[in-house]
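Q: Chains A and B, in that order, give the protein sequences. Using the numbering used here, the first residue of the first sequence is number 263, and each one after it goes up by one. Using the numbering used here, the first residue of the second sequence is number 335, and each one after it goes up by one. Sharing a structure below in structure tokens format, with a few things to ask.
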Amino acid sequence: MASQADEATLIRAAQRGDGEAFEALVRAYDQNVLRIAMNLLRSPEDARDIYQEAFLRVYKNLHAFRFDCSFHTWLYRIVTNICLDHLRKRKVRREEPTVVETPDGLLDRMEQVAQTGPAADPERHAWNRQLQERISSALEDLSPRERMVFELRHYQGLRLRHIGEILGTSEEAAKNCLFRATQKMRTILGEFV
Amino acid sequence: MKCEEVVEAIPLYLYGEVSPATEEAIEHHVAGCAACAKEFKLRKAIHSALDAHEVSVPAGLLQECRGELSRREMTPRRGWLHDFLHDGFNLRIPLGAMALIALGYFAARVTGPATDGPNQASLENAAVSSAIRAIETEGSGNIRISLDEIHRREVTGRLDDGNIQRLLLEAARQESNPGVRVESMGVLKECAQSSPVRAALLNAAAHDPDAGVRLKALEGLKAFAGDPAVRQTLAQVLLHDDNPHVRIETIDVLTSQRDDAMVGILQDVFQKEDNHYVRNKVRNALEGMHATLGTF
Chain A
263 MASQADEATL IRAAQRGDGE AFEALVRAYD QNVLRIAMNL LRSPEDARDI
313 YQEAFLRVYK NLHAFRFDCS FHTWLYRIVT NICLDHLRKR KVRREEPTVV
363 ETPDGLLDRM EQVAQTGPAA DPERHAWNRQ LQERISSALE DLSPRERMVF
413 ELRHYQGLRL RHIGEILGTS EEAAKNCLFR ATQKMRTILG EFV
Chain B
335 MKCEEVVEAI PLYLYGEVSP ATEEAIEHHV AGCAACAKEF KLRKAIHSAL
385 DAHEVSVPAG LLQECRGELS RREMTPRRGW LHDFLHDGFN LRIPLGAMAL
435 IALGYFAARV TGPATDGPNQ ASLENAAVSS AIRAIETEGS GNIRISLDEI
485 HRREVTGRLD DGNIQRLLLE AARQESNPGV RVESMGVLKE CAQSSPVRAA
535 LLNAAAHDPD AGVRLKALEG LKAFAGDPAV RQTLAQVLLH DDNPHVRIET
585 IDVLTSQRDD AMVGILQDVF QKEDNHYVRN KVRNALEGMH ATLGTF
């Protein structure tokens with residue numbers, strides 16, 4: 263990551279309309295943004311939409327960034343808000359099925375994005391598949407906010423204090439959210455693992 | 335600690351989100367309580383199973399997203415003018431005529447009548463950027479302005495062209511623009527078999543202040559994971575880089591080759607690493623090498 267001074271210079275340049283500086287900022291963070299979106303929504307199409315929407319919002323609102331928090335926190339606030347909206351919409355429409363019909367027959371979209379590696383042992387493969395389905399179902403069971411806190415802590419490795427800052431809440435509230443998420447997963451996965 | 339307190343604290347313990355005192359108390363309790371040890375083992379197994387559920391970004395998606403974004407709004411200050419030129423067709427002609435009249439009026443007021451004399455200032459602003467160094471007023475009423483000009487040039491050539499490589503290496507060292515350095519690394523990694531290029535990739539992986547550039551350099555070094563010089567530098571990156579994504583990529587490169595000399599370094603990282611995901615990666619790597627997590 264660029265040092266804070268370098269990043270501040272880039273941000274100021276981008277605020278003045280320097281396209282190259284804006285691009286450099288995008289490139290410093292966009293892999294992580296895409297990784298969060300992909301992992302949360304498990305769909306390349308949705309991840310692509312989130313990427314576009316997030317950086318367009320950054321572009322449109324960068325002039326209002328006043329260095330009150332780190333750029334990382336500010337950007338993640340935007341990204342998490344967009345992802346939360348997507349997750350809430352998904353909850354409302356009761357989840358898209360992972361298996362969709364295509365001209366070539368039924369296609370499991372999870373297979374397209376999920377685990378790599380050959381399945382040398384069919385029994386192990388079947389068990390792994392069942393486990394992944396259970397985990398998917400456990401994750402779907404979480405509220406959008408619990409899912410977000412879990413994503414940021416478990417997969418992105420952010421500290422709860424930072425997560426609280428991003429989500430506009432306290433470290434304690436983020437901790438409670440993570441606790442609830444792990445309890446729900448314990449209930450669903452406990453007998454299977 | 336009581337059993338129920340321990341059970342409640344285990345998830346946060348696994349994320350390293352409890353105080354050192356609580357951590358110690360949990361470990362002490364679990365060591366002497368079979369029921370809590372069983373719960374601890376189960377929670378740990380769930381934790382590891384969830385690690386494996388992370389989806390990787392499909393190859394090419396990042397590039398597609400970047401391309402799409404740059405085609406949309408990456409050119410700054412385009413907004414209203416772009417909208418006007420594309421959508422404001424009905425008003426374009428009359429407004430354009432008014433703008434031309436206004437421009438002529440103001441230009442005449444500002445510049446006065448045109449002169450053809452030799453001292454007339456002439457600046458073409460295409461592809462030139464300039465910095466004013468000095469301003470002097472002469473007795474004749476002229477103003478003398480000294481400026482440095484930088485002219486933009488375009489150079490085209492293939493990657494095996496020495497000049498192109500030289501310019502790319504130059505770009506890789508350009509301190510002011512990480513975007514250019516990322517692009518440069520992206521191209522140079524295709525010819526990393528050349529020693530100067532590999533040296534540039536190693537230098538960027540170890541010292542570039544921008545994580546995006548370091549990640550790009552690591553991509554280029556993947557194919558040379560067996561080279562001792564590369565491994566030595568990457569071991570240092572793993573120990574000292576402050577960005578977890580860079581450390582994760584470095585682990586991937588280093589563990590793509592079986593090398594028992596890595597065990598000590600990985601154990602060292604495992605002890606001091608506070609990022610859960612990186613620790614997990616290291617643990618998996620050590621387990622894959624049948625090595626213990628600590629040095630004991």
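Note that the Cβ used here is the ideal one computed from N, Cα and C, for glycine as well. Keep in mind that this is a model prediction, so the values were computed, not measured.
According to DSSP, simplified to helix, strand and coil, what is residue 387 of chain B?
A: Three-state DSSP puts residue 387 of chain B in coil, outside helix and strand.
Q: Cβ of residue 432 of chain A less than 8 Å from any chain B Cβ?
A: no
Q: Within a Cβ cutoff of 8 Å, which residues of the same chain sit near residue 446 of chain A, ignoring the five residues on either side of it in sequence?
A: Contacts found: 400, 403, 404 and 408.
Q: Please confirm whether residue 335 of chain A has its beta-carbon closer than 8 Å to some beta-carbon of chain B.
A: no
Q: Would you say residue 370 of chain B reaches chain A, if we count a Cβ-Cβ gap shorter than 8 Å as a contact?
A: no
Q: Can you give me the C-alpha to C-alpha distance between residue 360 of chain B and residue 395 of chain B, rounded to a whole angstrom?
A: 43 Å
Q: I want to verify the contact list: residues of chain B whose CB lies under 8 Å from the CB of residue 290 of chain A, in sequence order.
A: 512, 544, 545 and 546
Q: Determine the contact status of residue 568 of chain B and residue 588 of chain B, defining contact as a CB-CB distance below 8 Å.
A: In this structure, residue 588 of chain B lies closer than 8 Å to residue 568 of chain B by Cβ.
Q: For residue 558 of chain B and residue 513 of chain B, what's the separation of their Cα atoms in angstroms?
A: Using only the alpha carbons, I get a separation of about 25 Å.
Q: Taking one C-beta from the stretch 573–590 of chain B and one from the stretch 608–625 of chain B each time, how about it: are there three or more such pairs within less than 8 Å?
A: Touching, per the Cβ criterion.
Q: Quick one, which residues of the stretch 387–407 of chain A are near chain B if we go by CB-CB under 7 Å, in chain order?
A: 393, 394 and 397
Q: I want to know whether the stretch 489–499 of chain B touches the stretch 516–536 of chain B - three or more CB-CB distances under 8 Å.
A: yes
Q: Expressed to the nearest angstrom, what Euclidean distance is found between the alpha-carbon atoms of residue 280 of chain A and residue 404 of chain B?
A: 14 Å
Q: If residue 276 of chain A sits next to residue 283 of chain A, beta carbons under 8 Å apart, how far is it from one beta carbon to the other, in whole angstroms?
A: 4 Å
Q: Quick one: give me the first and last residue of the beta strand (DSSP E) that residue 278 of chain A is part of.
A: It is not in any beta strand (DSSP E) - residue 278 of chain A carries neither H nor E in the DSSP assignment.
Q: Can you find a CB in chain A that lies within less than 8 Å of the CB of residue 402 of chain B?
A: yes
Q: Flag residue 415 of chain B as yes if its beta-carbon sits less than 8 Å from any beta-carbon of chain A, otherwise no.
A: With a pLDDT of 40 at residue 415 of chain B, under the threshold of 50, the modelled position of that residue is not reliable, and the figure given next carries that caveat. Nearest CB-CB separation between residue 415 of chain B and chain A: not below the 8 Å threshold.
Q: Should residue 338 of chain B be labelled buried (16 or more other beta-carbon atoms within 10 Å of its own) or exposed?
A: exposed
Q: Over the uninterrupted alpha helix (DSSP H) stretch that includes residue 637 of chain B, give me the two end residues.
A: Residue 637 of chain B lies beyond the residue range present for chain B, which begins at 335 and ends at 630; the question has no answer from this structure.
Q: Ignore the nearest five residues each way along the sequence and tell me which others in residue 317 of chain A's own chain have a CB closer than 8 Å to its CB.
A: 288, 292 and 295
Q: What would DSSP say about residue 304 of chain A, mapped onto helix, strand or coil?
A: coil
Q: Where DSSP assigns a beta bridge to residue 481 of chain B, which residues make up the other side?
A: B/466
Q: Exposed or buried, what is residue 368 of chain B when buried is set at 16 or more other beta-carbons lying within 10 Å of its beta-carbon?
A: exposed
Q: So which of A/347, A/416 and A/435 has the shortest CA-CA distance to residue 382 of chain B?
A: When the alpha-carbon of residue 382 of chain B is set against those of A/347, A/416 and A/435, the nearest one is in A/416.
Q: Can you list, in chain order, the residues of its chain whose CB lies under 6 Å from that of residue 436 of chain A, leaving out five sequence neighbours each side?
A: 411, 422, 425 and 426
Q: Roughly how many whole angstroms lie between the Cα atoms of residue 469 of chain B and residue 273 of chain A?
A: 31 Å
Q: Output yes or no for whether 8 Å exceeds the beta carbon distance between residue 315 of chain A and residue 344 of chain A.
A: Judged by their CB atoms, residue 315 of chain A and residue 344 of chain A are nearer to each other than the 8 Å cut-off.
Q: Give the DSSP-derived three-state secondary structure of residue 335 of chain A in the structure shown.
A: helix
Q: Evaluate residue 493 of chain B with the Cβ neighbour count: other Cβ atoms within 10 Å of its Cβ, from every protein chain shown; 16 or more gives buried, anything less gives exposed.
A: Exposed.
Q: If contacts are defined as beta-carbon pairs under 8 Å, then residue 377 of chain B and residue 345 of chain B qualify, I think. What distance do you get, rounded to the angstrom?
A: 6 Å
Q: Residue 449 of chain A by DSSP, collapsed to three states: which one?
A: helix
Q: Determine, using beta carbons only, whether residue 506 of chain B comes closer than 8 Å to chain A.
A: no
Q: Taking 8 Å as the threshold (C-beta atoms), are residue 530 of chain B and residue 419 of chain A in contact?
A: no
Q: Assuming residue 547 of chain B contacts residue 516 of chain B under a Cβ cut-off of 8 Å, what Cβ separation, rounded to an integer in Å, is found between them?
A: 5 Å
Q: For the alpha helix (DSSP H) that contains residue 349 of chain B, what are its first and last residues?
A: It is not in any alpha helix (DSSP H) - residue 349 of chain B carries neither H nor E in the DSSP assignment.
Q: Pick helix, strand or coil for residue 490 of chain B, following the three-state DSSP scheme.
A: coil
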